[in-house]
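Here is the structure we will look at, set down as C-alpha cells.
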Amino acid sequence: MKSPLSSPASAAAAPPSSSSSPLRKTRLSPFLFALLSFIVFVSILYGEDLACIFGQQLQVRQSSARPGPRTGEPTGPSVSSSHVAKDESPDAGAPPAGGTTDEEVINGVLGSSDQRRSSGAGGEPVPFAIGRGEEGCDVFSGRWVRDESARPMYEESECPYIQPQLTCQEHGRPDRDYQHWRWQPHSCSLPRFNATLMLETLRGKRMMYVGDSLNRGQYVSMICLLHSLIPEGSKSMETFNSDSLTVFTAKDYNATIEFYWAPFLLESNSDNAVIHRVNERLVRKGSINKHGKHWKGVDILVFNSYLWWMSGVTVKILKGSFEDEVKDVEVMSTEDAYRIGMKSLARWVQRNTDPKKTRVFFTSMSPTHGNSEEWGGGPGGNCYNQTTPIEDPNYWGSDSRKSIMQVIGEVFSKSKVPITFLNITQLSNYRKDAHTMIYKKQWSPLTPEQLANPVSYADCVHWCLPGLQDTWNELLFAKLFYP
C-alpha cells in the first residue's frame with residue numbers, strides 16, 4: 497500500500513576546480529602547447545555559455561542549501577484574547593499583551609524545538625507540505641465566529657459512520673447552534689479544508705489515529721469530511737483485532753484511514769476496545785511495542801493520550817508483566833507516569849518512522865465542562881443545556897492540568913524526530929455548548945432519579961458530530977499542508 501515519496505532532486509554538481517601549478521623554466525612540448533592553445537580557443541569562443549552554466553549550477557547549490565519550510569508554528573497553549581463574535585471577517589487584531597504565563601513558557605519550549613528540527617538534514621522539504629503557513633501566525637490562538645453559510649461542514653444524517661454516542665440530533669438535541677461556529681485565528685486565516693486534496697494526498701497511503709474515544713471522534717470526523725466524495729461501492733469500514741483496529745478504506749484511492757484503540761499508548765488493563773471499564777487502571781512500563789507494532793508503516797500518525805491518565809492524582813505503573821503471578825506495581829504521580837508514556841512515544845517515533853516520509857501529530861488535552869461555576873454559571877450545573885460558547889478570553893478550566901502540558905513540552909522538545917503538536921485545548925475550552933450532554937445512546941438504562949435530573953448523567957466529555965472536532969481536523973489539515 498505504501499508508496500514512498502520521491503526524494504527532492506539533488507543539486508547539480510559544482511564545476512570541477514582547477515589548481516594552478518608554479519611556472520617552470522622548462523620548454524613546453526609541442527603536444528602540451530597545442531592542448532593549451534585549444535583550451536584558450538574554446539574559452540574565448542564559449543566563455544559566456546560556460547559562465548552561464550556554472551552560474552546556474554552555483555545558484556542551484558545555493559538554493560538547496562537554504563533552510564526548508566518549518567515543521568510548525570510555536571505550539572503549546574497560550575492564554576490569548578480569544579472571544580466569541582457573530583461575524584465572518586478575519587480578526588486582524590493581535591491579542592493583548594500580558595505577563596508571562598505557564599502556557600507561554602510551554603509555547604516557547606515547543607516552538608523552539610519545532611524551529612530547531614524544522615527542515616531536517618540537508619533542508620529536505622516537510623512531507624506532504626504544499627506551502628507555508630503565514631509568518632508569525634498561531635492558528636491555535638483566536639476566536640469563535642458565527643458562520644451560518646459554511647457550517648456545518650456535513651450533515652449528521654448523511655454520515656453513517658458516526659457512532660451513536662455522538663449523534664446528538666438523532667437522540668433528540670433540540671438546538672443546532674453548536675454546529676454553526678467557525679474557528680478564526682487572530683491576524684491570519686485558517687486554510688479552508690479541501691477534501692479532494694486530502695483524498696489525493698492519501699492515495700496509496702495510510703493515515704491512523706491512535707488513542708482513546710476522543711481521538712476516535714476526531715477520526716470519525718475526518719471520515720465524515722471525506723466520504724461523500726467516494727462512490728458508495730468504493731468505500732468500506734471494518735474492525736479487526738477484537739475491535740481495537742477500525743479501518744475505513746477508500747478503494748479507488750488504495751487508501752485507508754484507521755483508528756487504533758490505545759488509551760494509554762502503553763499496554764494496560766483497559767486495552768479492550770469494548771470492555772475497558774475497570775476499577776483500578778494499571779499501565780505497564782516499557783510496553784509501547786505491544787500496540788506500536790500495529791502503527792508501523794503508517795504515513796500520517798495522529799496520537800492522543802490524556803483523559804485516561806486523569807483518574808486521580810496517582811497512577812499505578814506495572815514494572816513486570818500482566819502474566820506475573822505476583823505483580824510489581826509502583827504508585828506514581830500522574831505527571832511522572834505520564835512522562836513515562838510520552839518518553840516511550842518519542843522513542844517509538846524515533847525508531848520506527850522516517851521523517852522524510854512520515855508526519856507525526858499529537859493532539860493535546862480535550863477539556864471537559866463539569867462545573868458551571870467555573871465560567872460564571874450557577875452552582876450544581878455542568879454542560880447540560882448550554883447552547884453558546886464561553887466568552888471569557890482567559891477561561892481555562894480547572895480540569896485541564898497545565899502540568900501535563902509542561903510534561904509534553906519537556907519531552908517533545910528533546911525529540912530527534914519532529915512531532916507536530918495540535919493545541920486544541922484552549923479553543924475547545926470555550927465550547928461548553930458542543931458536548932453530547934444527554935443526547936446520545938446510553939450505555940445502560942437510566943434510573944428514574946437520573947431522568948428527573950438530566951445534569952446528573954450529562955456527558956460533558958465527548959463532542960457532538962458535526963461540531964467541534966471538525967475544527968480539530970481543519971487544524972490538522974493546516975499543519976499537514978501548510979506547516
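The sequence shown lines up with residues 497 to 979 when you count with the working numbering.
For glycine and all other residues, C-beta sits at the position ideal for the given N, C-alpha and C.
These numbers were taken from a predicted model, which means no experiment stands behind them.
Asked	Found
Give me the Cβ distance between Tyr749 and Leu698, rounded to the nearest whole Å; I'm assuming they're in contact under 8 Å.	6 Å
Thinking C-beta only, is Asn878 closer than 8 Å to Ala954?	yes
Out of curiosity, what's the CA-to-CA distance linking Thr883 and His676?	11 Å
So the alpha helix (DSSP H) Met828 belongs to, where does it begin and stop?	Where Met828 is concerned, there is no enclosing alpha helix (DSSP H), although the beta strand (DSSP E) it sits in stretches over Val825 to Ser829.
Of all the alpha helix (DSSP H) runs that stay within the bounds of the stretch 905–978, which reach a length of 4 or more residues?	921–925, 944–948 and 964–977
Tell me the DSSP bridge mates of Lys731?	Ala746
Going by DSSP, what residue range makes up the beta strand (DSSP E) through Ala751?	Ala751 to Trp757
With a CB to CB cut of under 7 Å and the five nearest residues on each side skipped, what residues in its chain are close to Ala691?	Leu721, Leu722 and Leu725
Report the rounded CA-to-CA distance for Leu627 versus Ala974, giving the unit in angstroms.	A quick correction: the sequence has Gly, not Leu, at residue 627. Rounded to whole angstroms, Gly627 to Ala974 spans 10 Å at the Cα level.
So, are the CB atoms of Val799 and Val706 less than 8 Å apart?	Correcting the residue identity first, residue 799 is Phe in this sequence and not Val. In this structure, Val706 lies closer than 8 Å to Phe799 by Cβ.
In chain order, what residues of the same chain lie with their CB nearer than 8 Å to the CB of Asn711, ignoring the 5 residues before and after it?	Tyr705, Phe755, Val798, Phe799, Asn800 and Thr859
Taking a contact to mean a Cβ-Cβ separation below 8 Å, would you say Pro687 touches Tyr978 in this structure?	yes
Classify Arg613 as helix, strand or coil using the three-state DSSP reduction.	Annotation note: pLDDT 40 at Arg613 (below 50); position unreliable, coordinate value reported separately. Coil, per DSSP.
Does the count of Cβ pairs from the stretch 933–946 and the stretch 847–862 closer than 8 Å reach three?	no
Identify which residue in Met694, Tyr834 and Ser740 has its Cα closest to the Cα of Arg780.	Tyr834
Kindly identify the DSSP beta-bridge partner or partners of Ser740.	The partner list for Ser740 (beta bridge, DSSP) is empty, contrary to what the question assumes.
With 16 as the cutoff for other CB atoms within 10 Å, does Gly808 come out buried or exposed?	exposed
Quick check on the burial criterion: 16 or more other C-beta atoms within 10 angstroms. Buried or exposed for Asn919?	buried
Give, in chain order, every unbroken run of the beta strand (DSSP E) that is at least 3 residues long and sits entirely within the stretch 680–709.	702–707
Going by the CB atoms, is the gap between Pro962 and Met703 shorter than 8 Å?	no
Within the continuous alpha helix (DSSP H) that includes Gly872, where are the two ends?	Run containing Gly872: none; DSSP gives neither H nor E here.
Per DSSP, Thr663 forms a beta bridge with which residues?	DSSP, once it has assigned bridges, lists no residue as partnering Thr663.
Pick from Val907, Gly874, Val913 and Lys928: whose alpha carbon is nearest that of Gly893?	Lys928
Three Cβ pairs or more, each shorter than 8 Å: is that satisfied between the stretch 761–780 and the stretch 667–684?	no
Can you give me the Cβ contacts of Lys747 inside the same chain, cut-off strictly under 6 Å, excluding the 5 residues immediately before and after it?	Ser730
Using 10 angstroms around the beta-carbon of Ile719, count the other beta-carbons present and answer buried if the total reaches 16, otherwise exposed.	buried
Quick one: what's got a C-beta closer than 6 Å to Tyr715's C-beta in the same chain, skipping five residues either side?	Tyr705 and Phe755
Beta-carbon within less than 6 Å of Gln665's beta-carbon, same chain only, minus the 5 sequence neighbours each way: which residues are those?	Glu652
By Cβ distance, which residues of its chain are closer than 7 Å to Met838, with the 5 residues on each side in sequence left out?	Val903, Ile904 and Val907
With a threshold of 16 other CB atoms inside 10 Å of the CB of Thr663, please say whether the residue is buried or exposed.	buried
Between Lys912 and the rest of its own chain, which residues show a CB-CB distance below 6 Å, the 5 nearest in sequence each way excluded?	Gln846
Quickly, what does DSSP pair Ala626 with across the bridge? List them, please.	What sits at residue 626 in the sequence shown is Ile, not Ala. Answer by DSSP bridge pairing: none, since Ile626 is not bridged.
Three-state secondary structure (DSSP) at Ile836?	helix
Buried or exposed for Leu803, going by 16 or more other Cβ atoms inside 10 Å?	buried
Could you give the DSSP three-state label for Leu841: helix, strand or coil?	helix
Just curious, the alpha helix (DSSP H) that Gly788 is in, first and last residue?	Asn785 to Gly788
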